[in-house]
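Quick notes on the structure that follows.
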Amino acid sequence: MSIINCPECRSPVSDKSKICPHCGFAIGEASEEDLQRAARIRRLKQQQRLNMTLYLAMICFIAGFLALYYGRQNPGSPLEWVGYIGLTIGGLGYLAVRVLTLAAKRR
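When the count follows numbering that gives the first Met the number 0, it moves up by one through the sequence shown with no breaks and lands on 106 for the last residue.
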């Protein structure tokens with residue numbers, strides 16, 4: 000008896016198990032087409048998750064830019080610091096997600 004990964008959710012499952020206890024995928028009855036479909040769905044979900052994170056980073060960057068723009072009118076204000084933090088988090092988040100997106104496309 001060995002441990003394999005479920006094709007649907009990638010959770011560890013016994014090779015004797017007919018159904019994944021985590022997601023309910025029928026492992027024993029899975030054809031090659033079912034395995035390809037599960038892999039395609041997993042890739043799409045990962046891409047959607049990365050896109051949503053990318054949009055969140057862009058919103059954070061834009062909010063930081065606006066906060067910095069209005070905070071610079073009053074130097075040393077908390078709004079100025081919020082702007083710097085938003086720009087930093089948004090910019091670094093954007094770069095990190097782009098790197099992850101490119102790495103996911105190469106696989």
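Built from N, CA and C at the ideal position, the CB exists for glycine as well.
Quick caveat, the model's predicted, so the values are computed rather than measured.
Sequence-distant residues of its chain with Cβ nearer than 8 Å to residue i (five each side left out)
i          : result
residue 61 : 89
Sequence-distant residues of its chain with Cβ nearer than 6 Å to residue i (five each side left out)
i          : result
residue 53 : 96
residue 59 : 85, 88, 89
residue 8  : 21, 22
residue 70 : 76, 78, 79, 82
Distance between residue j and residue i (C-alpha atoms, nearest Å)
i           : j           : result
residue 35  : residue 104 : 17 Å
residue 72  : residue 78  : 10 Å
residue 68  : residue 91  : 19 Å
residue 32  : residue 86  : 45 Å
residue 23  : residue 6   : 11 Å
residue 55  : residue 94  : 12 Å
residue 19  : residue 83  : 47 Å
residue 30  : residue 37  : 11 Å
residue 106 : residue 51  : 20 Å
Cβ-Cβ separation, residue j to residue i (assumed contact under 8 Å), whole Å
i           : j          : result
residue 3   : residue 17 : Contact doesn't hold; Cβ gap of about 13 Å is too wide.
residue 101 : residue 49 : With 8 Å as the limit, residue 101 and residue 49 do not qualify as a contact, their Cβ atoms being about 10 Å apart.
Sequence-distant residues of its chain with Cβ nearer than 7 Å to residue i (five each side left out)
i          : result
residue 11 : 2, 4
residue 28 : none
Using 8 Å as the threshold, is the stretch 63 to 70 in touch with the stretch 39 to 47, meaning 3 or more CB pairs across them? no
Secondary structure, beta strand (DSSP E): runs of 3+ residues fully inside the stretch 8 to 54: 11 to 13
For a minimum of 3 consecutive residues, which ranges assigned as the beta strand (DSSP E) are wholly contained in the stretch 78 to 103? none
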